[in-house]
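The next block holds one structure in the form of structure tokens; read it before the comments.
4 protein chains.
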Amino acid sequence: MSSLPYSKAAFDEAARALIATTAELAALGWTPATSSNFSLRLDDRHAIITASGRDKGRLTEDDFLVVDHAGAPVATALRPSAETLLHTQLYARGAAGCVLHTHSRTQTVASRLFASAGALRIEGYELLKAFSGNSTHETAIEIPVLPNTQDMTVLAAQVEPLLDAGPLWGYLIDGHGLYAWGRDIAEARRHLDAFEFLLACELDLRRLS
Amino acid sequence: MSSLPYSKAAFDEAARALIATTAELAALGWTPATSSNFSLRLDDRHAIITASGRDKGRLTEDDFLVVDHAGAPVATALRPSAETLLHTQLYARGAAGCVLHTHSRTQTVASRLFASAGALRIEGYELLKAFSGNSTHETAIEIPVLPNTQDMTVLAAQVEPLLDAGPLWGYLIDGHGLYAWGRDIAEARRHLDAFEFLLACELDLRRLS
Amino acid sequence: MSSLPYSKAAFDEAARALIATTAELAALGWTPATSSNFSLRLDDRHAIITASGRDKGRLTEDDFLVVDHAGAPVATALRPSAETLLHTQLYARGAAGCVLHTHSRTQTVASRLFASAGALRIEGYELLKAFSGNSTHETAIEIPVLPNTQDMTVLAAQVEPLLDAGPLWGYLIDGHGLYAWGRDIAEARRHLDAFEFLLACELDLRRLS
Amino acid sequence: MSSLPYSKAAFDEAARALIATTAELAALGWTPATSSNFSLRLDDRHAIITASGRDKGRLTEDDFLVVDHAGAPVATALRPSAETLLHTQLYARGAAGCVLHTHSRTQTVASRLFASAGALRIEGYELLKAFSGNSTHETAIEIPVLPNTQDMTVLAAQVEPLLDAGPLWGYLIDGHGLYAWGRDIAEARRHLDAFEFLLACELDLRRLS
Chain A
64 MSSLPYSKAA FDEAARALIA TTAELAALGW TPATSSNFSL RLDDRHAIIT
114 ASGRDKGRLT EDDFLVVDHA GAPVATALRP SAETLLHTQL YARGAAGCVL
164 HTHSRTQTVA SRLFASAGAL RIEGYELLKA FSGNSTHETA IEIPVLPNTQ
214 DMTVLAAQVE PLLDAGPLWG YLIDGHGLYA WGRDIAEARR HLDAFEFLLA
264 CELDLRRLS
Chain B
64 MSSLPYSKAA FDEAARALIA TTAELAALGW TPATSSNFSL RLDDRHAIIT
114 ASGRDKGRLT EDDFLVVDHA GAPVATALRP SAETLLHTQL YARGAAGCVL
164 HTHSRTQTVA SRLFASAGAL RIEGYELLKA FSGNSTHETA IEIPVLPNTQ
214 DMTVLAAQVE PLLDAGPLWG YLIDGHGLYA WGRDIAEARR HLDAFEFLLA
264 CELDLRRLS
Chain C
64 MSSLPYSKAA FDEAARALIA TTAELAALGW TPATSSNFSL RLDDRHAIIT
114 ASGRDKGRLT EDDFLVVDHA GAPVATALRP SAETLLHTQL YARGAAGCVL
164 HTHSRTQTVA SRLFASAGAL RIEGYELLKA FSGNSTHETA IEIPVLPNTQ
214 DMTVLAAQVE PLLDAGPLWG YLIDGHGLYA WGRDIAEARR HLDAFEFLLA
264 CELDLRRLS
Chain D
64 MSSLPYSKAA FDEAARALIA TTAELAALGW TPATSSNFSL RLDDRHAIIT
114 ASGRDKGRLT EDDFLVVDHA GAPVATALRP SAETLLHTQL YARGAAGCVL
164 HTHSRTQTVA SRLFASAGAL RIEGYELLKA FSGNSTHETA IEIPVLPNTQ
214 DMTVLAAQVE PLLDAGPLWG YLIDGHGLYA WGRDIAEARR HLDAFEFLLA
264 CELDLRRLS
């Protein structure tokens, strides 16, 4: 164990924190059919991430592995999620300390509805203040909607210019779900909850108008 | 402790009551992304209120502070919610013993939909009897919808004439959520639940008609 | 105690059964703002019923009283629900052993939508077999929608001819909610759940068509 | 006991697994009014299945019986679900190790909406990868919608050519609900959750477009 290139204590603590959060997200129905994946930065070279295909409502420490910031598994036989690169590109840039990728019905429906526009603009809500750096509702955010692909290098390359343009707290992938992040698990969760809420309001208003 | 200008025992009891109620409201999804705030009158000069920016599903006694009826913090280093003044104006007038401000999707969507009209009229429901003083469904209530602003003195000034005109059990703020109140926590909760239910029915009927 | 005209043991058992069922219905959000009421037949002269205005998610034995089959309180200082007569008319006729009156959003919205028609016809669902006596989906039921009034004798008089025409498992009151009943608490609950499900499906189909 | 033609230990283990899963499905509201039924393959001649008319949120081992792969009860006085044949035809063909039949509002509404078309085509969702054998979202599935009948031999005969044409992970019955299956209980559940999610998204998109 002593030869691990990361702290086992940090791994254990991160796994516990992610298990608690993902259990809540699974109970909300945001991780259907073993979808979704979750990660936390461990140090300046490593992150912990969920293994591929696990039921997110029943995770144990054995369902996590460590990857480096290029997305390669470290000292493990487990297979990381196919989408690992979308997590680690954020850690490599120092843009996030935690990445939560969920798959709620609202996120998926919104992604399909706004895929052709390429983005969804949201403005005028008090809850825009939930995004780190915002201090008023008198603002607007753009949520990008990227085309889906099974090739993560293509997706990651599309994310890079969005991060350059920043600030960015998350994006949708068409027919797929939402990536949200933050400095730590609490901020990532706050951003995730704000995205879900605002998307749901926008869909409701569209039904009602 | 003995030098506190309010009863510490009353503070403890009020905090316990608010923690229980806010945990229920958080579980319903009415306090997304650390939004919403809650208060209870302590005595004729003081009220207890949630500190700014806390997760409403995990409150402890340390997440509450005391403010006077003008909204100023009393014997605390904690920062009260930015919206404290909307709570304390009701205590200063003797209009309420408890104020619950939530942020449900239904409340937020209704506030946006009826913002330009400035109010929403609801009539003909048995549940109108839930509002203190009503004894029949053969009545109507008006729920005011105020424009949102980060300047609480402006908002509070708009609330004053509505309170003068009374009876009033709550109001919406555009893109923001609902303020509801009552003599005590049970009545405030009953009013809150009735508002949420009636707003949801009205939105459903609009979708269906 | 020995002078009570009903069995205290039967009262205790009935209260426990109703507390368990109403807690489940409250958790579903079908009893908002202390609305709704619930009763169980005790013997050929008495029934147990919820007292007026209690929070249905937190009932204790003290929130129940006994009424006779004409709706008059028996050996109690508690005030029965204003709607007691709608329960006891079913016991007086021998039409039910348990009556569940709830107030879900679906029930309330459906009642308003079909009030002018006076009834809602439902056909072609497998779940129609949930209503006692039905053995196929190739049937239809009519759910009456009665105008609301605070005068229970008027409402009860409107229910009588519906019961004469039978079979009937429940009815809606406009802007108010649903009465459902059965031989015992399990059958009443099965009928209630079937009504809620079928009404929700009908509203969804109306939105989608 | 030693004369049972199946393993009592396998029965006990299967009952425990099905009780846990059905309790979760009941909590989601997918088994209203004692509807729905669930089975697990025991061996190459037997399966365990829920008895008729039980509350799926409160199952005990006594609510299960064993049937052979032709659907006949084995060494039991319990009555199997009327729909047993739809389960056992899958075991007889070796097409499944577990069958979950639920009755959610989304499934029921979708079945009615697409009954006249006879099928619902779903494409472009990342969650299509949840169905065993799919490895990309760039695919489509057809969910058959069969006419409802109380004659299970008629229904089973309609399912046979669909299974021949395969791959198939489930089908809808009009006004009735969904059958989903998999190699084991985890895969059947994953398929069920994916169907529910995708049907809900399709209904949402229909409302929004």
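So the protein lines, in turn, are chains A, B, C and D. Going by the working numbering, the first sequence opens with residue 64, and the numbers climb by one from there. Going by the working numbering, the second sequence opens with residue 64, and the numbers climb by one from there. Going by the working numbering, the third sequence opens with residue 64, and the numbers climb by one from there. Going by the working numbering, the fourth sequence opens with residue 64, and the numbers climb by one from there. Every residue gets a Cβ at the ideal spot worked out from N, C-alpha and C, and that includes glycine. All values reported here derive from a predicted model rather than from experimental measurement.
Mind checking residue i: buried by the 16 CB within 10 Å criterion, or exposed?
{"i": "Leu268(A)", "result": "exposed"}
{"i": "Asp214(B)", "result": "exposed"}
{"i": "Thr139(D)", "result": "exposed"}
{"i": "Arg79(B)", "result": "exposed"}
{"i": "Asp67(B)", "result": "With the sequence shown as reference, residue 67(B) is identified as Leu, and Asp is not the correct amino acid for it. Per the 10 Å Cβ criterion, exposed."}
{"i": "Arg121(D)", "result": "exposed"}
{"i": "Arg117(B)", "result": "buried"}
{"i": "Leu91(C)", "result": "exposed"}
{"i": "Thr171(C)", "result": "buried"}
{"i": "Lys71(B)", "result": "exposed"}
{"i": "Pro302(C)", "result": "Coverage of chain C is limited to positions 64 through 272, which leaves residue 302(C) absent and any answer about it impossible."}
{"i": "Val129(C)", "result": "buried"}
What does residue i touch in chain D if you count any residue whose Cβ is under 8 Å from its own?
{"i": "Leu266(A)", "result": "Asp267 and Leu271"}
{"i": "His200(A)", "result": "Within 8 Å Cβ-Cβ: nothing; His200(A) doesn't reach chain D, min ~25 Å."}
{"i": "Gly240(A)", "result": "Glu189"}
Pick helix, strand or coil for residue i, following the three-state DSSP scheme.
{"i": "Val113(D)", "result": "Correcting the residue type first, residue 113(D) is Thr in the shown sequence and not Val. It is a strand residue."}
{"i": "His164(D)", "result": "strand"}
{"i": "Phe177(C)", "result": "coil"}
{"i": "Glu186(D)", "result": "strand"}
{"i": "Arg253(A)", "result": "helix"}
{"i": "Leu91(C)", "result": "coil"}
{"i": "Leu268(D)", "result": "helix"}
{"i": "Arg121(D)", "result": "coil"}
{"i": "Glu201(D)", "result": "coil"}
{"i": "Val172(D)", "result": "helix"}
{"i": "Leu81(B)", "result": "helix"}
{"i": "Pro68(D)", "result": "coil"}
{"i": "Leu141(C)", "result": "coil"}
{"i": "Gln152(A)", "result": "helix"}
{"i": "Ala263(B)", "result": "helix"}
{"i": "Glu223(D)", "result": "helix"}
{"i": "Thr147(C)", "result": "helix"}
{"i": "Phe194(B)", "result": "coil"}
{"i": "Thr97(A)", "result": "helix"}
{"i": "Ala158(C)", "result": "coil"}
{"i": "Phe74(D)", "result": "helix"}
Taking C-beta pairs closer than 8 Å, name the residues in chain C that residue i reaches, listed in chain order.
{"i": "Pro210(D)", "result": "Residues of chain C passing the Cβ test: none, with the nearest at roughly 10 Å."}
Who does residue i pair with in a DSSP beta bridge?
{"i": "Leu218(B)", "result": "Paired residues: none, contrary to the question."}
{"i": "Ala243(D)", "result": "Leu163(D) and Gly233(D)"}
{"i": "Arg104(B)", "result": "Ala110(B)"}
{"i": "Ile206(B)", "result": "Leu183(B)"}
{"i": "Pro136(D)", "result": "Val130(D)"}
Residues of chain B with CB closer than 8 Å to the CB of residue i, please, in chain order.
{"i": "Leu176(A)", "result": "Neighbours of Leu176(A) on chain B: none; closest Cβ ~17 Å, over 8 Å."}
{"i": "Val172(C)", "result": "Cys264, Asp267, Leu268 and Leu271"}
Could you name the residues of chain D that residue i contacts, counting a contact when the two beta carbons are closer than 7 Å?
{"i": "Arg253(C)", "result": "Ala96 and Thr97"}
Can you pull the chain F residues whose beta carbon is under 9 Å from the beta carbon of residue i, in chain order?
{"i": "Arg168(B)", "result": "The question asks about chain F, but that chain is absent: this structure's protein chains are A, B, C and D."}
If the cut is a Cβ gap below 9 Å, which residues of chain B does residue i touch?
{"i": "Ala193(A)", "result": "Pro95, Ala96, Thr97 and Ser98"}
Does the beta-carbon of residue i, which I'm using as the reference point, lie nearer than 7 Å to any heavy atom of the ligand ATP?
{"i": "Tyr234(B)", "result": "Questions concerning the ligand ATP fall outside what the structure shown contains, since it holds no ligand whatsoever."}
Determine the chain A residues that contact residue i at a beta-carbon separation under 9 Å, and present them in chain order.
{"i": "Gln221(B)", "result": "Those do not exist, as Gln221(B) stays about 16 Å from chain A at its closest Cβ, beyond 9 Å."}
Quick one: which chain A residues come within Cβ less than 8 Å of residue i?
{"i": "Gln152(B)", "result": "Here the premise fails: no neighbours, minimum Cβ distance about 19 Å."}
Against residue i, what residues of chain C qualify as contacts under a CB-to-CB distance less than 7 Å, listed in chain order?
{"i": "Asp256(B)", "result": "Pro95 and Ala96"}
query = For the stretch 80–89 of chain D against the stretch 78–98 of chain C, are there 3 or more C-beta pairs whose distance is under 8 Å?
reply = Not touching, per the Cβ criterion.
query = So does the stretch 164–175 of chain D actually touch the stretch 94–111 of chain D, counting three or more Cβ pairs closer than 8 Å?
reply = At 8 Å Cβ cutoff, the stretches touch.
inquiry  = With a threshold of 8 Å, are at least 3 pairs of Cβ atoms found where one atom belongs to the stretch 181–199 of chain A and the other to the stretch 137–155 of chain A?
reply    = The stretch 181–199 of chain A is not in contact with the stretch 137–155 of chain A.
message = Count Cβ pairs between the stretch 202–222 of chain D and the stretch 255–263 of chain A that sit closer than 8 Å; are there 3 or more?
response = Taking a cut-off of 8 Å for Cβ pairs, the stretch 202–222 of chain D and the stretch 255–263 of chain A do not touch, as fewer than three such pairs fall below it.
message = Does the contact criterion of 3 or more C-beta pairs under 8 Å hold for the stretch 104–118 of chain B versus the stretch 147–155 of chain B?
response = With the rule of 3 Cβ pairs closer than 8 Å, the stretch 104–118 of chain B counts as touching the stretch 147–155 of chain B.
ask   = Are the stretch 230–244 of chain D and the stretch 228–243 of chain A touching, with three or more C-beta to C-beta distances below 8 Å?
value = The stretch 230–244 of chain D, when compared against the stretch 228–243 of chain A, does not touch it at the 8 Å Cβ threshold.
query = Counting Cβ pairs, one atom from each stretch, are 3 or more of them under 8 Å apart for the stretch 246–255 of chain C and the stretch 191–200 of chain C?
reply = A contact exists between the stretch 246–255 of chain C and the stretch 191–200 of chain C.
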